[in-house]
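Its first residue numbered 233, the sequence shown is counted upward by one per residue in this note's numbering. The beta-carbon is built from N, C-alpha and C at its ideal position, and this holds for glycine as well. Note sheet for the following structure.
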Amino acid sequence: MKLIVTGSFDESSRHVAARFAEVIREKPDALIGCATGSSTVGIYRHLAAQYEAGTLDFAKVRTVNVDEYMGIGPGHGQSFAHFMAEHFFTRVNLAPENCYLVDGAGDPAGETARFRAFLGGNRMDILMLGIGTNGHVGFNEPAPVFTAGAHVVALAEDTIRANSRFFQDESEVPRHAMTMGIGDIAKARRVCLIASGAAKADAVRRLFADDNIDPRLPCTILKACPDAEVVIDRELAQAAGLIQTQEESN
């Protein structure tokens with residue numbers, strides 16, 4: 233697991249986009265794992281810019297989303313399917329049949345089986361992740377043990393609070409989600425986790441505190457990944473105590 237510290241959040245987004253572009257150029261039919269949320273918007277913007285410039289082709293690229301809220305369908309404005317359409321799918325030449333999405337309005341048992349079958353038969357060439365304030369990746373929340381495969385999870389209260397900013401009211405935030413499991417994340421050929429903002433400082437600090445892999449801090453699974461980068465800006469690195477502030481270095 234490698235730490236990458238950039239000068240700004242936009243630089244972090246550019247860095248991750250460059251990693252994805254590199255994989256796609258090497259393997260035009262790459263399977264890329266896609267995350268959602270404010271941390272990923274810049275990544276998709278930079279990838280779309282490369283497509284618009286004619287330097288990156290998505291015609292054969294396959295995508296799979298890390299997670300999805302359960303109880304709301306793809307037409308809901310806060311579904312991750314809607315997010316992907318708005319920020320990525322409609323901005324590049326991805327073929328719709330190459331984009332795997334969980335149906336949040338579907339039967340949970342059926343969607344779990346379908347998701348597990350897809351992930352069991354396909355290995356991601358590169359995966360982007362964000363990180364929750366409690367250290368979750370995807371919607372793998374802190375727990376006594378890891379869950380290896382795709383599953384429905386009850387969202388932690390701090391996750392619900394953090395995500396309520398996207399809804400009119402906290403009561404509207406779905407209480408359950410479908411997520412790929414820790415085992416699915418660990419077998420990705422390459423993982424890029426991006427984070428920014430003071431709220432993520434404690435989780436990032438704990439991630440680098442020792443060499444332990446702990447289900448109570450799910451992001452620590454990155455230590456078991458064959459090729460993982462944690463990409464953060466200087467401000468977050470300082471807040472997490474990973475680099476000195478200017479005052480400390482003087």
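- Under the three-state reduction of DSSP, V384 is assigned to strand.
- In the DSSP annotation of this structure, A460 is not part of any alpha helix (DSSP H); the continuous beta strand (DSSP E) holding it starts and ends at A460 to D465.
- Runs of the alpha helix (DSSP H) spanning 4 or more residues and lying entirely within the region 345 to 432 occur at 389 to 395 and 414 to 418, in chain order.
- Within the model, the alpha-carbon separation for V462 versus I363 is close to 10 angstroms.
- By the criterion of at least three beta-carbon pairs nearer than 8 angstroms, the region 301 to 318 is not in contact with the region 351 to 363.
- Sixteen is the threshold: since fewer than 16 other Cβ atoms of the shown chains lie within 10 Å of the Cβ of S270, the residue is exposed.
- The beta-carbon distance between T365 and K432, rounded to whole angstroms, is 6 angstroms. This is short enough to meet the 8 angstroms contact definition.
- When only Cα atoms are considered, G352 and Q476 end up about 43 angstroms apart.
- Taking a C-beta distance under 8 angstroms as the contact criterion, G429 and L474 do not qualify as a contact pair.
- Under the DSSP assignment, L279 falls in the alpha helix (DSSP H) whose first and last residues are V273 to E284.
- For secondary structure counted as the beta strand (DSSP E) over 3 or more consecutive residues, the region 284 to 318 holds these complete runs in sequence order: 294 to 297 and 299 to 301.
- Contact check between the region 420 to 427 and the region 337 to 353: fewer than three CB pairs, one atom from each, fall below 8 angstroms, which does not count as touching.
- For I264, the enclosing beta strand (DSSP E) begins and ends at L263 to C266.
- In the DSSP assignment, V255 falls within the alpha helix (DSSP H) that extends over F241 to E258.
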